[in-house]
Every structure is written in C-alpha cells, then in structure tokens.
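So the structure is just underneath, and the comments pick up after that.
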Amino acid sequence: MFSWIPARKKSGPPRQLPLLASMAAVSALALTACGGGASGTSNPDGGPVQIRVIESNKQDPTELGAEAGNFMEIWPECSPEVKVDLTAGEKVAEALAAKSADIGITSPNRVIGAVSQGLKGKIIGASMPVWDQYVVVRKDSKATSFADLKGSTFAISSFGSAGDYATQKIAREEGWGPNDFKTVTMGSLDGIMAGLKSGTADAFLWSAQAAFGLEIEGSAKVLGSVKDLVGPNAMTVVFATDEIIEKHPAAVKSFAECYYKATEAMMDDSALATKMLVEDWGMSPELAARIIEHEIPLSSRDGELTPEQLQGLLEATQFTIKSAKSLTIDDVKGMYKHWKSL
C-alpha cells in the first residue's frame, strides 16, 4: 500500500529561533531591510509593477509573509516600485494558469502537479519549510505518541490528500505493515471530528491551527508534530509564473525579499505576532500563544530549499497527484529557482 515511500532516517528537532521584544527594531526593519526597491522594478511608463498574489488560505500561519507584509504595511516602504495585491482562494494553480495571479503561496504538490500538466513557473522559495501537521486523537485517548496508535483507524479528508500521505509515510517510518492501521475518508474537518466523536476513527493528522484550536476547546487531544517522522519537506511554498519572472525579475525578487523580511519580523517579535493574530485575524489569545510558540518559529527566513526537501516534495506530489507519477527529481529541481538568483 505504501511500499513506494522510502524509509528515511529521522532528523533531530529544528533549532528554535529566539524571539526579540523590540517593536522599534521591527519597524526599522520594515522600512530599511529591503533596500527601497531594486533597479528595473518599474514599468516602462514609470508606474509601479503590480504583483498579483494569491494564497490558498486566508490567515494561515503556514503562508505567513504576505499577510504579515500587509499588516505591517511593509510593501510601500520596502519596495516602492512594487504594488502587491493579495487575495485568497483554494484554486491557486488554476488562478496562476489563467493569468489572474502572478505569484501563489500554496502547497507545493498543487503547483508541481500543475507544472507537470503545463503551467509555466518556478517555486522561488519555501514559506513553511517543514511538514506542519499534528496527530490529533480523542480527548480521552490513552495514546501519548504516534507509535501508540498501531492498530488504529485514521480519518483522512480524501485518498491522496496531504493527511493521507503523512499517515502512510509515518506508518512506514514506524515499521508498520498495511494490516497495522486503517484509513477512512471523512471529507471536511467537521466530518472527521464527527467520526472521532462517534468512534469511527481513532486519530487524524491536521494543521497546527486547527489541531491546537480543537484541543483548546476541549474537543480533542494533540499528541505532537509529525514533521520529524515525515522528514525533509515543505508544507507551503512561494511560486511565481515564468511570465512575471521574465518580464519583471527585479520586482519578483523585491517581493520575495520583503515577504521573508515580514515573516522574519513576526518570528522575532512575539508582541507584533500577537497583535496580528489576535487583533487582525481574530484568533483567541490562547491559540495565538500556541501558534507563536510552536508554529511561527518554523517558518522560513529566506525560503531556500535543500536537495533533501526537494526529494520530499517529489514523494508527496507523486502520492497526491496522479499526473505526477512520471516526474523525476531532476524535473522538480528544474521547477525550483531560489528568488535570490533571479
């Protein structure tokens, strides 16, 4: 059932990044760190280059930089020659293919699969450079780790989903065989929670925001992150079309630089991150504190992807996208061009 997924040596936990308390330093960063715009970013008529950005989920910590940039109002100061218009919608690859967006922030398998079907563009960096999902169980479960769930039934949204891939992958890492666990499709998170409450399912994997939220409201219990079991990978990436890269490479580079500076500001200032999550996103202070402690520090400061992460992207894409079965690691490497090299 999952013999194609190679076992990978477990890695150690990622380095926890320090949080800085100085709001003034962050404000100075927003005004100066991006250098005020690169040469060649302006349109021939002298106006700013418009960068149309679409993210898969509004107010998602795994797609932090664009909304952080809007919240901090970083774009005009950071790169005056670039105008950023941000929208959200699940059909990111479709928007990029239809030329209604220039840059997408989304799951890598979506854009890699779309490129395999003809979309022209490049991954220019990671946004969340680890597999940011958590194991969630019933609140009365006796399990304390994924290993304790051997023989359990795992709920997934659909076959081939990110949760399905991660469940199969970490079962393989634990040495389980196909008879050591079951998966059952339950659609949305509401459906999965109904299955958990009814006993149809014992556990499921989901993103940090939803997992922590369910635990805080007393509906479930979070056992922990699966990032180390899944191995090198990325949950979300920044993707730019070939057209915007070829027409305005300096503008794309300026956008990416500002995107990661905005992300870095949130990583380094917990007060600033709290202000955005609570006052702007409407998150409860308790949930915001969990996200700031456990999730935001895992974001990428520069977007660079390692060869091991690119291999992880290939594995996940081949599992979730049928049309990507014939892709090779060289194909995926060809779809990646770090923004600093533009």
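Numbering-wise, the working numbering puts 200 at position 52 of the sequence shown, and it's gapless, one number per residue. Cβ atoms here follow ideal geometry from the backbone N, Cα and C, with glycine treated the same way. Predicted, not measured: the structure shown is a model, and the values here were computed from it.
Worksheet item: With DSSP run on the structure shown, which of helix, strand or coil describes P382?
Response: First, the residue type needs correcting, since residue 382 is Ala and not Pro in the sequence shown. Of the three classes helix, strand and coil, the one that applies to A382 here is coil, per DSSP.
Worksheet item: Can you tell me where the beta strand (DSSP E) with I364 in it begins and where it stops?
Response: First-last for I364: A356 to I364, but that is the alpha helix (DSSP H), not the beta strand (DSSP E).
Practice prompt. Please report how far the alpha carbon of E221 lies from the alpha carbon of R449, in whole angstroms.
Written response: 19 Å
Discussion item. Let's test the definition: count the other Cβ atoms within 10 Å of the Cβ of I251 and tell me whether it reaches 16, buried, or not, exposed.
Written reply: buried
Item to complete: Work out the CA separation of N205 and A236 for me, nearest whole Å.
Response: 6 Å
Item to complete: Label V332 either buried or exposed according to how many other C-beta atoms from any shown protein chain fall within 10 Å of its C-beta, with 16 as the threshold for buried.
Response: exposed
Worksheet entry | Rounded C-alpha distance that separates L244 from E321 | 35 Å
Worksheet item: Is it a yes or a no for the region 264-276 touching the region 387-405, going by three-plus beta-carbon pairs under 8 Å?
Response: yes
Worksheet item: What did DSSP end up calling D416 once you bin it into helix, strand or coil?
Response: helix
Worksheet item: Excluding five sequence neighbours on each side, which residues of the same chain lie with their C-beta closer than 6 Å to the C-beta of S373?
Response: Y282
Practice prompt. Report the rounded CA-to-CA distance for A303 versus A359, giving the unit in angstroms.
Written response: 14 Å
Worksheet entry | From G213, S248 and P277, residue whose alpha carbon lies closest to that of P256 | P277
Worksheet item: Can at least three beta-carbon pairs, one atom from the region 294-314 and one from the region 459-477, be found at a separation below 8 Å?
Response: yes
Fill in: Cβ-Cβ distance between A382 and L461 below 8 Å
yes
Worksheet item: For A410, which option in L458, E238 and S447 has the closest C-alpha, if you only look at C-alpha atoms?
Response: S447
Practice prompt. Alpha carbon to alpha carbon, how far is K375 from F307? Give it in angstroms, no decimals.
Written response: 20 Å
Worksheet item: Name the DSSP beta bridge partners of V370, please?
Response: V284
Worksheet item: Helix, strand or coil: which one does DSSP assign to G188?
Response: The predicted position of G188 is uncertain, since its pLDDT is 46 and thus under 50; a value taken from the coordinates is nonetheless stated next. In the structure shown, G188 sits in coil (DSSP, three-state: anything other than H, G, I, E or B).
Worksheet item: Straight-line CA distance for A421 to L362?
Response: 21 Å
Discussion item. So, under 8 Å CB-CB, V517 and P209 are touching, yes? Tell me the CB distance rounded to an integer number of Å.
Written reply: One cannot answer for residue 517 here, as it falls past the ends of the chain, which runs 149 to 490.
Discussion item. Measuring only the C-alpha atoms, how far is A172 from A419?
Written reply: Here A172 scores only 36 on pLDDT, less than 50, and its place in the model is too uncertain to base an answer on.
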